[in-house]
Structure formats: C-alpha cells, structure tokens
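Scroll down for the structure; my scribbles are underneath it.
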Amino acid sequence: MARQLACPSCGAPLTIESAFTTLLVCSYCGASLNIRDTGVDITGKSAKLADYPSRFSIGAAGKVKGRGFQVLGRVRYNNYDGFWDEWFLEFSDHQVGWITEDEGDLTLVFKSKLTFPVPPYEQMRVSTFIPFGNGRLFLSEKGEASVAGAQGEISLNIPPGKAIRYVDGNMANKAFRLVIDDNGIVLYTGEPLEFNDVTIANSE
Ligand SMILES: [Zn+2]
Numbered sequence: 002m003a004r005q006l007a008c009p010s011c012g013a014p015l016t017i018e019s020a021f022t023t024l025l026v027c028s029y030c031g032a033s034l035n036i037r038d039t040g041v042d043i044t045g046k047s048a049k050l051a052d053y054p055s056r057f058s059i060g061a062a063g064k065v066k067g068r069g070f071q072v073l074g075r076v077r078y079n080n081y082d083g084f085w086d087e088w089f090l091e092f093s094d095h096q097v098g099w100i101t102e103d104e105g106d107l108t109l110v111f112k113s114k115l116t117f118p119v120p121p122y123e124q125m126r127v128s129t130f131i132p133f134g135n136g137r138l139f140l141s142e143k144g145e146a147s148v149a150g151a152q153g154e155i156s157l158n159i160p161p162g163k164a165i166r167y168v169d170g171n172m173a174n175k176a177f178r179l180v181i182d183d184n185g186i187v188l189y190t191g192e193p194l195e196f197n198d199v200t201i202a203n204s205e
C-alpha cells in the first residue's frame, strides 16, 4: 500500500506508508509536503528537530500492550514551558494512532469523533468539570502551543509554525484532549501507558 513519489522540492525519492498520511516531511531537504488525493504541494519547510533521548525513532518497530506497530513520523509541539513529541504509529492492521511523549510520560492516543457540543475555549476553566457526552470531564490543563516541526509522515493538517489551542481532561481513567484551530475542534482519546507497556524491537 506504500506510495512512491519524487519530492517536488529536491526530487528525492520518497515513500508514503499509510493511507491516512496528510503531511510528509522530505528527509533530504526538509520540505513539508501536503499530501492530497489530487497531488502533493509544498507547504513550507520543517525545522530540524533537536534530538532528545527517546526509545522511539522513525521506522522503529515495536509493540504497545502486545499490539505491533511501526513508527512513521513525529510532530513536536512547543508551549510556554517546553515541548512534547507525538509519534505517529501504524499498527499491523493499518489502523493509525499516536503515542505522546511528554518528559517521559507516554499516552496512547486515537483521534475520535466529537459528537456533542462543548463549551467555548474561553469558558473552559482548569480544575472544573464540563458536561461531556453522557459524563463530566475534569479539565486538567489548557493552553496554546505551536507546531515546532515534524519528521517523517503524519496524519495531521497542522503545518509547522501553526498555533493551536488545546484543553486536556480526564474522565473514567481515560485522557481526553481537544485541539482547537481554525478548522474546528478535534477530539483525541488517550490511555496513559506504563514504561513496560511499550517495547521497541532492535533494528540491528
Ligand atoms: Zn526534498
């Protein structure tokens, strides 16, 4: 199912592994490419991400709670007190998801459909509950972040440099994040992971 293409900026041969991929960063020239059914266009250049110690890397294979995956890409967000990385995974059944890595804390995250209204960002207060579907979501954090850069291929329509607003909360042992930008609100549902829930295969 992989697709081949030539980088429209430098001509390098590139491969897209997942049908869900919408953004690809050329590993040769750093061009950030918007992937559409109708073609590929250059949306900018991604900054090279400084490496911090992590078990994850692009191309690495591993398992999370026994389920096999391959790491296809990464996006890094900056906020007022630092940064966090989100690793884009393709599972062996071709489903895709993310593992967020924030100072060593890992969360397995899937994009979900937001099927009910939520209060406006300005009205959501940290340390309070908001009505959330059939339950109540406890809000633990809200803030603004921007995409510092990306690597590999990801399923995300936020180009590098773009600002987002996010709200984090939890309900019934699950973590929820609302990401708000000009395109609307996207809901991500997550499950905190213990260190040993993830294994990475040796590539050598
Ligand atoms: Zn290129």
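The sequence shown begins at 2 in this note's numbering and counts up one residue at a time.
The C-beta atom is built at its ideal place from N, Cα and C for all residues, glycine as well.
Beta-carbon proximity check, residue i vs residue j, cutoff 7 Å
i, j, result
"GLY170", "GLY74", "no"
"PRO160", "GLY150", "no"
"SER10", "VAL97", "no"
"TYR53", "LYS112", "no"
"VAL72", "PHE57", "yes"
"ASN79", "SER147", "yes"
"CYS127", "LYS114", "Note that residue 127 is Val in the sequence shown, not Cys. No, they are not a contact pair."
"THR200", "LYS46", "no"
Status (buried if at least 16 other CB within 10 Å, exposed otherwise) for residue i
i, result
"VAL187", "buried"
"GLU205", "Unreliable placement is indicated for GLU205, whose pLDDT of 48 sits below 50; the coordinate value is still reported in the next sentence. It is exposed - the Cβ of GLU205 has fewer than 16 other Cβ atoms within 10 Å."
"VAL76", "buried"
"PHE117", "exposed"
"GLY60", "exposed"
"GLY134", "exposed"
"GLY31", "buried"
Enclosing beta strand (DSSP E) for residue i [first to last residue]
i, result
"ARG126", "No beta strand (DSSP E) holds ARG126; DSSP gives it neither H nor E."
"ILE159", "Premise fails: ILE159 is in no beta strand (DSSP E) and is neither H nor E."
"LEU140", "136-155"
"ILE100", "97-103"
"TYR29", "TYR29 -> no beta strand (DSSP E), and no H or E assigned at all."
"ASP52", "From DSSP, ASP52 is part of no beta strand (DSSP E); its letter is neither H nor E."
"ASP182", "175-182"
"LEU115", "Careful: LEU115 lies outside any beta strand (DSSP E) and carries neither H nor E."
"LYS64", "62-65"
"PRO14", "14-17"
"THR190", "185-194"
"ASP38", "Where ASP38 is concerned, there is no enclosing beta strand (DSSP E), given that its DSSP letter is neither H nor E."
"TYR78", "68-80"
Nearest-angstrom beta carbon gap, residue j and residue i [assumed within contact, 8 Å]
i, j, result
"VAL168", "TYR122", "7 Å"
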